[in-house]
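Number of protein chains: 2
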Amino acid sequence: MAAKKRAETMAENREKLIAAARKAFARKGFAAASMDELTAEAGLTRGALYHNFGDKRGLLAAVVNRIDGEMAARARAIGARRDDPWEGLLAEAEAYIEMALEPEVQRIVLLDGPAFLGDPSQWPSQNQCLVATQELVERLVASGFLKPVDPEAAARLLSGTALNAALWIAASEKPAEILPKAVEAFRVLATGLLAPAGAK
Amino acid sequence: MAAKKRAETMAENREKLIAAARKAFARKGFAAASMDELTAEAGLTRGALYHNFGDKRGLLAAVVNRIDGEMAARARAIGARRDDPWEGLLAEAEAYIEMALEPEVQRIVLLDGPAFLGDPSQWPSQNQCLVATQELVERLVASGFLKPVDPEAAARLLSGTALNAALWIAASEKPAEILPKAVEAFRVLATGLLAPAGAK
DNA sequence: TTATTTAACATACACACCGTATGTCAAAAC
DNA sequence: GTTTTGACATACGGTGTGTATGTTAAATAA
Numbered sequence: 015m016a017a018k019k020r021a022e023t024m025a026e027n028r029e030k031l032i033a034a035a036r037k038a039f040a041r042k043g044f045a046a047a048s049m050d051e052l053t054a055e056a057g058l059t060r061g062a063l064y065h066n067f068g069d070k071r072g073l074l075a076a077v078v079n080r081i082d083g084e085m086a087a088r089a090r091a092i093g094a095r096r097d098d099p100w101e102g103l104l105a106e107a108e109a110y111i112e113m114a115l116e117p118e119v120q121r122i123v124l125l126d127g128p129a130f131l132g133d134p135s136q137w138p139s140q141n142q143c144l145v146a147t148q149e150l151v152e153r154l155v156a157s158g159f160l161k162p163v164d165p166e167a168a169a170r171l172l173s174g175t176a177l178n179a180a181l182w183i184a185a186s187e188k189p190a191e192i193l194p195k196a197v198e199a200f201r202v203l204a205t206g207l208l209a210p211a212g213a214k
Numbered sequence: 015m016a017a018k019k020r021a022e023t024m025a026e027n028r029e030k031l032i033a034a035a036r037k038a039f040a041r042k043g044f045a046a047a048s049m050d051e052l053t054a055e056a057g058l059t060r061g062a063l064y065h066n067f068g069d070k071r072g073l074l075a076a077v078v079n080r081i082d083g084e085m086a087a088r089a090r091a092i093g094a095r096r097d098d099p100w101e102g103l104l105a106e107a108e109a110y111i112e113m114a115l116e117p118e119v120q121r122i123v124l125l126d127g128p129a130f131l132g133d134p135s136q137w138p139s140q141n142q143c144l145v146a147t148q149e150l151v152e153r154l155v156a157s158g159f160l161k162p163v164d165p166e167a168a169a170r171l172l173s174g175t176a177l178n179a180a181l182w183i184a185a186s187e188k189p190a191e192i193l194p195k196a197v198e199a200f201r202v203l204a205t206g207l208l209a210p211a212g213a214k
C-alpha cells in the first residue's frame with residue numbers, strides 16, 4: 015500500500031486540523047484555544063496550520079464553514095420532507111433551533127463566529143441557507159399565502175429569530191424545558207406573516 | 015480648590031478607564047484591544063485597571079453594564095411616550111434596532127459580550143431591556159390583547175429579532191435603505207402575537 | 001535512472017500581551 | 001505627628017501568535 019500522493023496527504027492533514035480545531039474551539043472557545051495544542055493533538059505543528067489556513071482566523075473560517083454547511087444540509091433535508099411549503103419552512107427553522115443544543119454549534123457558529131469573522135450573512139455557507147428560504151418566501155408571497163412582505167427582510171428576520179431562540183436554549187440550564195416554549199413562541203411570531211384567511 | 019477626597023479621584027479614574035475601554039473595544043474588538051494602550055490613553059497604567067476591575071473580563075463586564083443601562087433607559091423613555099401599550103412595545107423594539115446601528119452597541123454588547131461573558135440574560139446587569147419588555151408582555155397577555163404566549167419566550171424572541179434586524183442593517187452598505195424594510199418586517203412578525211380580533 | 005526543483009511542513013525566533021508580585025507614596029486614622 | 005491603609009505604578013514570568021528560516025520527500029525534467 016502506501017504510495018501516498020502528495021495532494022492526498024495534504025487533504026488528510028487539513029482534515030485532521032479542522033477536526034482538532036472543532037474540538038478545541040468548542041471546548042475552550044476560539045480566543046482561549048492554543049494553536050500549539052491544536053496542532054499537537056492532530057500530530058502536526060503550527061507550520062502546517064499557517065501553510066494551510068494563513069492564520070488563526072483562517073482556521074476558524076474553515077471550521078465555521080464546515081459546520082455551517084452540515085447544518086444547512088440537515089435542515090434542508092428535514093424541510094424537504096414536508097409536502098406543505100409553509101410547514102416545510104417552519105420545520106427547517108425548528109431544526110436549526112434544535113441544532114443549537116450542540117455545544118459545537120453554539121460556541122463556534124453562534125458566538126465566536128460572529129465575533130471574530132463578522133456578520134454571518136456574509137459567510138459563503140450562510141448565504142446558501144438565506145437564499146433558499148428567501149426563494150421559498152417569494153413563492154409563498156406570490157401565491158398569496160403570505161402577506162406581501164419584502165422577501166429578503168422576512169427571510170433574514172425569520173432565520174435570525176430562529177438563531178436567537180437557539181442561543182437562548184443553549185445558554186439555559188435546562189434546555190429540554192426551554193425548547194418547546196421557544197419553538198411555540200417562534201411559531202406564533204411566524205404566523206404574523208400569514209395572509210388573513212380567505213385573502214387568496 | 016483641589017483637596018480631592020480619595021474616593022473621589024478613585025471614582026474619576028474608574029470613569030476614565032471605562033470611557034477609554036468603550037472606545038478601544040468598539041474600535042478594535044475586545045480580544046484585540048490592548049490593556050496597555052487603554053490605560054495609557056486614560057493617563058493610567060494596568061495597575062489601576064487590575065485594582066479596580068480584577069481582570070480584562072471584569073472591565074468588559076463594567077463597560078457592557080454601563081452601555082446596557084443606557085440602552086434600557088433610552089428605550090424605556092421612548093416606549094413610555096406612547097399611550098397604547100402595544101405601540102409602546104413596538105416603539106421600544108424599534109428603538110433597539112436603531113441603537114444597534116451604533117458601533118459601540120453592536121460590537122461590545124451584541125458581539126463580544128455574549129462571546130466572552132456568556133448569555134446576556136445571566137449578566138449581572140440582568141439585561142434590563144429583556145426584563146422590561148417581558149413585564150410589558152405579561153401585562154398585555156393578562157389583558158387579553160396578546161395570545162397566551164409564554165412571556166419570557168415572547169420577550170426573548172422579540173428582542174432577538176430586533177437585534178438581528180439591527181445587525182443586518184449595520185452590516186449592509188446602505189443602512190438607510192434597509193432600515194424601513196427591516197422595521198416593517200419586524201412589525202409584521204410581531205403581529206403574530208396579537209390575539210384574534212374580538213377575542214376580548 | 002538521476003539530478004533538480006518545488007512545496008508542504010518543522011524549527012527557531014521576535015514580539016506582544018496578560019496576570020501577578022512587589023514597590024511607592026499620599027491620604028486617612030489614631 | 002506617627003502609623004496604617006490602600007490606590008496605583010513598576011517589574012517580571014509565562015504564554016501565545018506570527019514570521020523567517022531550514023528540511024525533506026514528492027514531483028518534474030534530463
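From first to last, the protein sequence lines stand for chains A and B.
Here the working numbering is used: the first residue of the first sequence is 15, the next is one more, and so on.
Here the working numbering is used: the first residue of the second sequence is 15, the next is one more, and so on.
Ideal Cβ positions, reconstructed from N, Cα and C, are used throughout, including at glycine.
Model, not experiment: these values are computed from the prediction.
Residue nearest to residue i in terms of C-alpha spacing, selected from the options
i, options, result
"Leu193 of chain A", "A:Thr205, A:Gly206, A:Leu177 and A:Leu207", "A:Leu177"
"Ala25 of chain B", "B:Phe44, B:Arg41, B:Met49 and B:His65", "B:His65"
"Pro99 of chain A", "A:Arg60, A:Gly83 and A:Leu160", "A:Leu160"
"Phe200 of chain A", "B:Leu208, B:Ala168, B:Ala199 and B:Thr205", "B:Ala168"
"Pro210 of chain A", "A:Glu108, A:Pro162 and A:Cys143", "A:Pro162"
"Ala204 of chain A", "A:Ser186, A:Arg170, A:Ile183 and A:Ala185", "A:Arg170"
"Leu31 of chain A", "A:Ala46, A:Ala21 and A:Asp50", "A:Asp50"
"Pro189 of chain B", "B:Leu115, B:Ser173 and B:Glu166", "B:Leu115"
"Ser264 of chain B", "B:Arg153, B:Pro134, B:Ser139 and B:Lys195", "The structure shown does not extend to residue 264 of chain B, since chain B spans only 15 to 214, so no value can be given for it."
"Leu58 of chain A", "A:Phe39, A:Leu144, A:Thr23 and A:Ala91", "A:Thr23"
"Gly93 of chain A", "A:Glu198, A:Cys143 and A:Ala21", "A:Cys143"
Collapsed DSSP secondary structure at residue i in the structure displayed
i, result
"Leu160 of chain A", "strand"
"Leu208 of chain B", "strand"
"Asn141 of chain B", "coil"
"Leu177 of chain A", "helix"
"Ala231 of chain A", "Coverage of chain A is limited to positions 15 through 214, which leaves residue 231 of chain A absent and any answer about it impossible."
"Ala56 of chain A", "coil"
"Gly93 of chain A", "helix"
"Glu22 of chain B", "helix"
"Asp69 of chain A", "coil"
"Lys214 of chain B", "Residue placement at Lys214 of chain B cannot be trusted, given a pLDDT of 44 that sits under 50; the coordinates are not used to answer."
"Glu29 of chain B", "helix"
"Glu166 of chain A", "helix"
"Glu116 of chain A", "coil"
"Met49 of chain A", "helix"
Chain-order list of residues whose beta-carbon lies under 8 Å from that of residue i (same chain, five-residue window excluded)
i, result
"Ala34 of chain A", "Leu52, Thr53, Glu55 and Ala56"
"Ile81 of chain B", "Arg36, Glu118, Val119, Ile122 and Val123"
"Glu187 of chain B", "none"
"Met113 of chain A", "Met85, Arg88, Ala89, Val119 and Ala180"
"Ile183 of chain A", "Ile111, Ala114, Leu115, Pro189, Ile192, Leu193 and Ala196"
"Trp137 of chain B", "Ala75, Val78, Asn79, Asp82, Gly127 and Leu131"
"Thr147 of chain B", "Leu103, Glu106, Ala107, Ala169, Leu172 and Ser173"
Endpoints, alpha helix (DSSP H) assigned at residue i
i, result
"Ser186 of chain B", "Looking at the DSSP string, Ser186 of chain B is not in any alpha helix (DSSP H), and its letter there is neither H nor E."
"Ala107 of chain B", "Pro99 to Met113"
"Phe44 of chain A", "Note, Phe44 of chain A: premise wrong, no alpha helix (DSSP H); not H, not E."
"Pro134 of chain A", "Neither: Pro134 of chain A is in no alpha helix (DSSP H) and is coded neither H nor E."
Cut-off 6 Å between Cβ atoms - residues of its own chain near residue i, not counting five sequence neighbours on either side
i, result
"Leu124 of chain A", "Leu181"
"Lys214 of chain B", "Confidence at Lys214 of chain B is low in this model, with a pLDDT of 44, below 50, so the placement of that residue is unreliable and no value is reported for it."
"Val151 of chain B", "Pro165, Ala168 and Ala169"
"Ser139 of chain B", "Asn79 and Asp82"
"Arg28 of chain B", "Asn66"
"Arg96 of chain A", "Gly102 and Ala105"
Chain-order list of residues whose beta-carbon lies under 7 Å from that of residue i (same chain, five-residue window excluded)
i, result
"Phe130 of chain B", "Phe44, Arg71 and Leu74"
"Leu207 of chain A", "Leu160, Lys161, Val163 and Ala168"
"Val155 of chain A", "Pro162, Val163 and Pro165"
"Thr216 of chain A", "Past the boundaries of the shown model lies residue 216 of chain A; chain A is included only from 15 to 214, so the question cannot be answered."
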